Amino acid sequence: ALLVGANYRGSDDELQGCAQDAERIERLLVETFGWPAGSVRRLADDRPGALPTRQNIEAGLLWLVAGAEPGDALFFSFSGHGSTSSDHHGYAEGGENESILPVDHERSGPITDDQISDVLVKPLPEGVRLTAVVDCCPGGG
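Mapping the sequence shown onto full-length UniProt numbering, position 115 (from 1) lands on 115, and the numbers just tick up by one.
Here it is in structure tokens:
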């Protein structure tokens, strides 16, 4: 499982409770559902060594799908800001890309739904179950 909670501490777009959302989901997976603690990674801006930067989120997504086999269950959650932007390529339904915003999005940019699909969904073999919970609105950025 990869759990991301971004409060954007010290920014104009600061949120409350997103890092805590990731922590609560981690406890739910490990303590209630019995997931091995080593199979859960949490990125949050209250964790200096595991900040929800673009680089860390992308690396976490790659980690999550690495070695996935039929019968595996994967879990991804993101709690933070989202955004929308025009899809200049014409691929997106409705003409817009939806994105999640890492804490360094002003420098590194958003992570679009297409990018997430390319890394998290498309490489999965048939028979792998992926659950994704995305708690954001296009209010930041």
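All residues carry an ideal CB built from backbone N, CA and C; glycine is no exception.
From a predicted model like this one, the values you see are computed outputs, not experimental measurements.
Just to check my reading of the structure: residue i and residue j have Cβ atoms closer than 8 Å, yes? What is that Cβ distance to the nearest angstrom?
i           : j          : result
residue 113 : residue 99 : 7 Å
residue 108 : residue 54 : 4 Å
residue 1   : residue 35 : 6 Å
residue 40  : residue 29 : 6 Å
residue 19  : residue 44 : 4 Å
residue 76  : residue 15 : That pair is no contact at about 19 Å.
Could you pull the start and end residues of the beta strand (DSSP E) that residue i belongs to?
i           : result
residue 133 : 129-135
How many Å lie between residue i and residue j at the Cα?
i           : j           : result
residue 141 : residue 81  : With a pLDDT of 43 at residue 141, under the threshold of 50, the modelled position of that residue is not reliable, and the figure given next carries that caveat. Answer to the nearest angstrom: the Cα atoms are 8 Å apart.
residue 23  : residue 42  : 7 Å
residue 144 : residue 132 : The shown model of the chain, from 1 to 141, leaves out residue 144, and the question about it has no answer.
residue 122 : residue 31  : 30 Å
residue 8   : residue 124 : 31 Å
residue 110 : residue 79  : 14 Å
residue 72  : residue 64  : 11 Å
residue 139 : residue 25  : The predicted position of residue 139 is uncertain, since its pLDDT is 49 and thus under 50; a value taken from the coordinates is nonetheless stated next. If I take the Cα positions, the gap works out to 23 Å.
residue 12  : residue 61  : 27 Å
residue 130 : residue 37  : 18 Å
residue 116 : residue 17  : 23 Å
Strictly under 8 Å for the Cβ-Cβ distance: is residue i near chain D by that measure?
i          : result
residue 61 : In the structure shown, chain D cannot be found, because there is only a single protein chain.
Using 7 Å as the cut-off, classify the Cβ of residue i as near or not near the heavy atoms of the ligand HEM, replying yes or no.
i          : result
residue 79 : The ligand HEM is not part of this structure, which contains no ligands at all.
Self-check item: Length-filtered (4 minimum) alpha helix (DSSP H) runs lying within the UniProt domain "Peptidase C14 caspase" (1-139)
Solution: The UniProt domain "Peptidase C14 caspase" (1-139) contains, as complete alpha helix (DSSP H) runs of 4+ residues, the segments 18-27, 54-65, 105-108 and 113-116 (chain order).
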